[in-house]
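Peer 1: Got a structure for you, questions after.
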Amino acid sequence: MKFRLKVFFVLMLMLVNFGCERDEICLEEITPKLILRFYNENNTNELKRVQGLIVNIEGIEGDYEDESITVFTDSIAVPLRVTDNSTKIILNLSGDADQGIEDNRDTLSVIYSQEDIFISRACGYKTVYNEAQAMLVDDQENWIKGIEISKEPLQIIDENRAHVKIYH
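Per this note's numbering, residue -18 is the first one in the sequence shown, and the count goes up by one each step.
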C-alpha cells in the first residue's frame, strides 16, 4: 500500500512539473502605468512628498474608484484607461476639517493614442500609449503649480522612469 502511494505521488509530481508548457507562464511586462513624480515648486530638482493625497481615476472601477488610495509619497503609478484615448486623474489633497481646511481637487487630463502589442500566448497583448499629452485643468485654486512632460513626445511603454513631473 505504501509503495503504491509513493508511486502515485511521484507520478502526480511529474505531471505537475511537466504539465505546463513554457509559453503558458507570463514573465513579460504588463500594460504600463503612468508614473507621476512630485517636486518642490521652488527647487525643481528636489523631490517633495505629498501628504494626504487621494487619487481617483474617472471611469476606472476598483481601487481607484470611490475607495481610492491615500498616500504619503513622492511618486505614484496610475493606470490609464484602455477603453478610451483619454484619462482624467483627480488628485485630491485632503484637508483637515478640524482646522477648517477643505480638500483641494486638481484634475490632470491625459490624452494618448494606443497600440496593442502581442507579447506571447501566455501574456496576450499589452497596450502602450503613444503621443501622450498631459494637461492640468485650471480651477483657480490649484495646489499643483505646474506640470512637465519628462520627454516629448511622451511614450508610455514601461514603468522605468517618471513620465510627468508635478510641481507643488
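The beta carbon of each residue, even a glycine, is placed where N, CA and C say it ideally should be.
1) For Phe99, which option in Phe(-11), Cys7, Phe(-16) and Val59 has the closest C-alpha, if you only look at C-alpha atoms?
2) Quick check on the DSSP output: the beta strand (DSSP E) that includes Thr25 runs from which residue to which?
3) I'd like to check one pair, Arg62 with Ala143: are the Cβ atoms closer than 7 Å?
4) For the putative contact between Leu34 and Leu74, defined by C-beta atoms under 8 Å, what is the C-beta separation to the nearest angstrom?
5) Thinking Ser94 and Asn111 are a contact (beta carbons under 8 Å), I'd like their distance in whole angstroms, please.
6) Report the CB separation of Ile147 from Ile125 in whole angstroms; it is logged as a contact under 8 Å.
7) Please return the same chain residues whose Cβ sits closer than 8 Å to the Cβ of Asn66, not counting the five positions on each side in sequence.
8) State the DSSP-derived secondary structure class of Val(-9), mapped to helix, strand or coil.
9) When burial is assigned at 16 or more other CB atoms within 10 Å of the CB, is Glu113 buried or exposed?
10) Can you tell me whether DSSP reads Glu48 as helix, strand or coil?
11) From the DSSP output, in three-state form, read off Arg102 for me.
12) CB Pro13 to CB Asp139, shorter than 7 Å?
13) Below 8 Å on the Cβ atoms is my guess for Glu10 versus Lys107; work out the distance and round it to an integer in Å.
14) What is the DSSP secondary structure of Arg86, reduced to helix, strand or coil?
15) For Arg62, name the three-state secondary structure that DSSP assigns.
16) Check whether the Cβ atoms of Gly204 and Asp87 sit closer than 7 Å, and answer yes or no.
Peer 2: For this structure:
1) Cys7
2) Looking at the DSSP string, Thr25 is not in any beta strand (DSSP E), and its letter there is neither H nor E.
3) no
4) 6 Å
5) 5 Å
6) 6 Å
7) Ile92, Tyr93, Ser94 and Gln95
8) helix
9) Sequence inspection shows Ala at residue 113; the Glu mentioned does not correspond to that position. Ala113 is buried by the Cβ-count criterion.
10) A caution first: Glu48 carries a pLDDT of 43, below 50, which makes its placement in the model too unreliable to give a value.
11) coil
12) yes
13) 7 Å
14) strand
15) coil
16) Since the first residue of the chain shown is -18 and the last is 149, residue 204 is not available in this structure.
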